[in-house]
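*Asks:* Numbering (our numbering), first residue to last: 3 to 37.
Quick reminder that beta carbons are idealized off the backbone N, C-alpha and C, glycines included.
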Amino acid sequence: MELDLQGRTAIVCGASAGMGLAIAESLSAEGANVA
């Protein structure tokens, strides 16, 4: 993905495992601060 998330904050519920974890990792890789 190419998303412009530098400096943005994303809140991902259920990010301890499974799909939530994968989404949190992807957002973090794109530059977002994941909470």
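On the criterion of 16 or more Cβ atoms from any shown chain inside 10 Å, does leucine 29 qualify as buried, or is it exposed?
*Replies:* What you label residue 29 is simply residue 27 of the sequence shown in a count that begins at 1. Label assigned to leucine 29: buried.
*Asks:* Quick check: what's the CA-CA separation for valine 14 versus glutamate 27?
*Replies:* On the sequence shown, residue 14 is found 12 positions in, with the first residue counted as 1. On the sequence shown, residue 27 is found 25 positions in, with the first residue counted as 1. Approximately 10 Å, taken between the alpha carbons.
*Asks:* How close, in whole Å, do the beta carbons of leucine 23 and alanine 17 come, if the pair is a contact with beta carbons under 8 Å?
*Replies:* Position 21 of the sequence shown holds residue 23. Position 15 of the sequence shown holds residue 17. The pair is a contact, with the Cβ atoms about 5 Å apart (cut-off 8 Å).
*Asks:* For leucine 29, report the span of its alpha helix (DSSP H) as first-last.
*Replies:* Sequence index remark: in the sequence shown, residue 29 carries index 27 (1-based). Residues 20-31.
*Asks:* Tell me the rounded alpha-carbon separation between asparagine 35 and threonine 11.
*Replies:* Position 33 of the sequence shown, counted from the start, is the residue given in the question as residue 35. Position 9 of the sequence shown, counted from the start, is the residue given in the question as residue 11. If you take the alpha carbons of asparagine 35 and threonine 11, they lie about 5 Å apart.
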